[in-house]
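In order, the protein sequences belong to chains E and B.
Read in order, the letters of the first sequence are residues 1 to 186 in this note's numbering.
Read in order, the letters of the second sequence are residues 1001 to 1186 in this note's numbering.
For each residue, glycine too, the CB sits at the ideal point set by N, CA and C.
To start, the structure itself, in structure tokens.
2 protein chains.
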Amino acid sequence: MSDTRDRIVKKTSELLMLQGYHGTGLNQIVAESNTPRGSLYYYFPNGKEELAAEAIRNRGEGMVEHIRAVLAQIDEPKEAINQLVQIMMANLLKRNFTTGAPVAGVAMEASNASEVLREACHDVYNLVSLPLKEKLAKVYDEEKADSLATAILAALEGALVMAYTSRSARPLEAVAEMLKDCLDKS
Amino acid sequence: MSDTRDRIVKKTSELLMLQGYHGTGLNQIVAESNTPRGSLYYYFPNGKEELAAEAIRNRGEGMVEHIRAVLAQIDEPKEAINQLVQIMMANLLKRNFTTGAPVAGVAMEASNASEVLREACHDVYNLVSLPLKEKLAKVYDEEKADSLATAILAALEGALVMAYTSRSARPLEAVAEMLKDCLDKS
DNA sequence: GTCTATAATAAGATAGAC
DNA sequence: GTCTATCTTATTATAGAC
């Protein structure tokens, strides 16, 4: 079994994050993934929408793994989450801001055109909030943990969008600072 | 002087928010703005990019006005900002989640393809954070006010993206709650 | 300022050979 | 599973009449 399919999904996932759905062409996906042209519709008979939905979910799973791994390193929830933001900033700098918000672009731009993609984005947000919620539940009651996890995710996603357009880590720094204040006291 | 140009910009601004740059066609803009086909390139000789840049800035100015007006109604910064979020939620519900994040979609999807649009989005984020910063500066020192304004903007923008995909006001509720905790203490 | 028609390009998708 | 060639459609953009 070849890794062609996997390479297509990975590259699509990456391009969607940076360029959105309509901004990413099948040609570019095929070219940059060094993948046979004919394979795309072999693996994804329903075309672009099917491929994009899988790529979005794939990114979601990747994020969950990453977040879970980072949060597992530090016991205290507030410190662990701060560490998560610090790592996001380091990655941003390391990759020179050529990394975007996980799904915000596609979410805004394709939710209107495709219910399939809207649901995929929605699912990713739900999925990604889980490890945050679990971590916070060690200190807060379930309702509070859930609400906080959602708010933190929103702040991080928004900060990544702003970081992307400003080519700067400042928005993430600001969120990190806010979260420190916030989690200290609530 | 006709209002044709203005109608084009307004409709573009609205569609960009919901569908992003690549997801919004010139055909749709002309059709839905009930605008003469031939006028588009008369007013915007440089085509879609020029039009989009102006539409983005136009939305930014509209947001600044709106935010300034809302924040002016309540003296205490923390309460005023909470009121702002409540109004955003009410608008979301009233319009049945057919309203998106101001610029997140375009920001993620077009920043890569066009430096002009990237700057437009960047400018909007800067502009919009100003009234927040000013309000917060009544209670915090300037550096703290600036950082908080940026973080709040990020949280709101992210929450709007999540609200858009989930067709729910919950993300905004969560942010409202977080901000209340946060601004209480910091 | 606005119209219609059309050019030029690129997109997503399909067919059939191998 | 992969290749090439092609179809269809939509897009941005332009030309020239009025």
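Cβ neighbours of B:Val1139 within its own chain (closer than 6 Å, five residues either side excluded): Pro1077. Legend: CB atoms of the region 112-128 of chain E lying less than 7 Å from CB atoms of chain B belong to residues Asn112, Ala113, Arg118, Cys121, His122 and Tyr125. B:Pro1171 counts as buried, since at least 16 other C-beta atoms from the protein chains shown sit within 10 angstroms of its C-beta. Excluding five sequence positions before and after B:Glu1032, the CB atoms of its chain that fall closer than 8 Å to its own CB belong to Lys1011 and Leu1015, given in chain order.
Nearest CB-CB separation between B:Glu1079 and chain E: not below the 9 Å threshold. Shown here, E:Val64 sits in a helix according to DSSP, grouped into three states. At a cut-off of 9 Å, the C-beta of E:His22 has a neighbouring C-beta in chain B. Taking 9 Å as the cut-off, the Cβ atoms of B:Ala1169 and B:Ala1163 count as close. In this model, E:Ala55 and E:Ala120 are separated by some 9 Å (Cα to Cα).
The Cβ atoms of B:Gly1105 and E:Ala107 sit closer than 9 Å to each other.
Listed along chain B is no residue with a C-beta nearer than 9 Å to that of E:Thr99; the closest approach is about 11 Å. Between E:Leu93 and E:Ser166, the alpha-carbon positions lie close to 12 Å from each other.
Under the three-state reduction of DSSP output, E:His22 falls in the coil class, being neither helix nor strand.
The way I'd put it, the region 138-152 of chain E doesn't touch the region 1081-1101 of chain B; fewer than three beta-carbon pairs between them come closer than 8 Å. For B:Arg1037, no CB of chain E lies under 9 Å from its own CB, so it is not counted at the interface with that chain. Ranked by how close their Cα comes to the Cα of B:Ala1113, the residues E:Val9, E:Gly25 and E:Thr4 have E:Gly25 in first place.
For B:Asp1181, at least one C-beta of chain E is nearer than 9 Å to its own C-beta.
Its chain contains Ala1149, Thr1150 and Leu1153 as the residues whose beta carbon lies nearer than 7 Å to that of B:Ser1129, once the 5 sequence neighbours on both sides are disregarded; these appear in chain order. Chain B has a Cβ within less than 9 Å of the Cβ of E:Ala155. Burial is judged here by how many other beta carbons sit within 10 angstroms of a residue's own beta carbon; B:Gly1060 has at least 16 and is buried.
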